[in-house]
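Take a look at the structure below.
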Amino acid sequence: MTETLAVPSPPPTPTDRAGRRLLRHLAEMAAAMVVGMLLLGPLWRLAGDAAGRADLLARPDVAALVMATDMSIGMAVWMWHRGHGARATAEMVAAMYVPFLLLLVPYAAGLVGGHALMLGGHLLMVPAMVVVALRHRHAHPAPAPHQPAVAALARRWPTWLALLITVESWFSPMLLPPWSVLVLPGGYLLIGTVRRQWRDRGALAVQLAGLAGWSALAGVAALADGGPAWWLVAAGWLGHAVWDVAHHRAGRVVPRGYAEFCAVLDVAVGVTIVLAIVT
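Using my numbering, count along the sequence shown one by one with no gaps and you end on 283.
Below, the structure is given as structure tokens:
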């Protein structure tokens with residue numbers, strides 16, 4: 005029999021490393037832009053409602069510039085944190101605005117509509133970002149300064165992610181249907197299955213008991229009328245936060261980061277449901 009020798013794969017070349025660094029940079033920029041829109045968008049709407057100018061923010065040309073501003077702020081903050089220079093940051097900010105500014109001319113002339121303005125601006129933004137990233141691909145960012153406050157915030161990323169997801173509900177509280185509480189135990193069962201946590205039959209029994217409990221609560225809420233139903237749904241979400249804290253402390257079934265994320269999410273959703281009930 006002949007023995008097949010494994011041939012080691014060649015180490016990545018400098019070109020490969022530069023390409024990966026470029027893709028990572030673009031992915032980080034895109035994520036920072038989305039975060040900027042999610043965090044700042046509700047603030048614009050709140051300010052517009054308070055000033056009685058919600059109609060102004062609804063205009064496509066104004067909405068495009070507001071969106072570019074939100075994306076630029078999120079992206080600039082992240083580039084500063086990553087140690088990128090002021091010139092590269094300014095050029096990336098320009099990549100946010102220039103596509104919309106160019107399309108505002110045909111929009112003002114009535115040649116394109118609001119949908120084309122928004123869609124075209126986003127499509128042109130992508131190559132503009134790539135051009136800026138390629139211009140500075142050989143310029144290594146300066147080492148980010150040690151910032152204890154930033155490091156402490158970074159360690160709590162599950163909390164900030166949960167708050168980011170629920171930021172809209174703080175400004176526009178809404179009621180959730182009774183079946184929404186079934187997502188809570190279902191997530192634990194799914195993650196526990198993927199992580200193969202059910203060798204401990206006791207842990208599986210606890211999770212199934214939790215599923216039965218929240219299923220019963222959802223059933224009662226579905227049969228209840230009006231206010232009592234919504235209070236039961238709020239109690240289901242807030243009660244699951246206690247479940248999350250217990251699992252976070254024990255470090256079982258789900259990763260601790262997920263338990264932290266879920267606890268903050270559950271509290272935020274439960275509190276905003278209460279706000280929706282009382283308001």
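Note that CB positions come from ideal geometry on N, CA and C, so glycine has one too.
These numbers were taken from a predicted model, which means no experiment stands behind them.
First and last residue of the alpha helix (DSSP H) that includes residue i?
i, result
"G196", "V187 to V198"
"T276", "R260 to V282"
"Q201", "Looking at the DSSP string, Q201 is not in any alpha helix (DSSP H), and its letter there is neither H nor E."
"D74", "P64 to R86"
"P242", "Here the sequence assigns Leu to residue 242, which means Pro is not the residue at that position. G230 to A254 is the extent of the alpha helix (DSSP H) around L242."
"V257", "Where V257 is concerned, there is no enclosing alpha helix (DSSP H), given that its DSSP letter is neither H nor E."
"V116", "Counting along the chain, V116 falls outside any alpha helix (DSSP H), and DSSP gives it neither H nor E."
"W164", "W161 to F175"
"L179", "No alpha helix (DSSP H) holds L179; DSSP gives it neither H nor E."
Once the 5 residues before and after residue i are set aside, which same chain residues still bring their CB inside 8 Å of it?
i, result
"L121", "P64, D65, A68, F104, L107, L108 and Y111"
"L236", "P182, L221, V224, A225 and A228"
"L26", "A137, L138 and R141"
"M5", "Its pLDDT being 46, under 50, M5 is placed unreliably by the model, and nothing is read from it."
"G196", "W202, A207, L208, Q211, V257 and V258"
"E7", "Only weak support is given to the placement of E7: the predicted model assigns it a pLDDT of 48, under 50, and the value that follows is read from those uncertain coordinates. Nothing listed; no residue qualifies."
Using a Cβ-Cβ cutoff of less than 6 Å, which residues in the same chain neighbour residue i once the five nearest sequence positions on both sides are dropped?
i, result
"G40", "D74, M75, I77 and G78"
"A10", "Note on A10: pLDDT 48, under 50, position unreliable in the model; no value is reported."
"V249", "A267"
"T93", "A80 and M83"
"G261", "P162"
"A36", "G78, M79 and W82"
Take residue i and list the residues in its own chain whose beta-carbon comes closer than 7 Å to its own, dropping the five residues that flank it on each side.
i, result
"G231", "I281"
"V210", "none"
"L50", "F175"
"V275", "none"
>> Within 8 Å, do at least three Cβ pairs link the region 174-183 to the region 207-218?
In response: Taking one beta carbon from each stretch, the region 207-218 and the region 174-183 have fewer than 3 pairs nearer than 8 Å; the two do not touch.
>> For the region 93-103 against the region 113-120, do three or more pairs of beta-carbon atoms, one drawn from each stretch, fall closer than 8 Å, so that the two count as touching?
In response: Counting C-beta pairs closer than 8 Å gives fewer than three between the region 93-103 and the region 113-120, which falls short of the contact rule.
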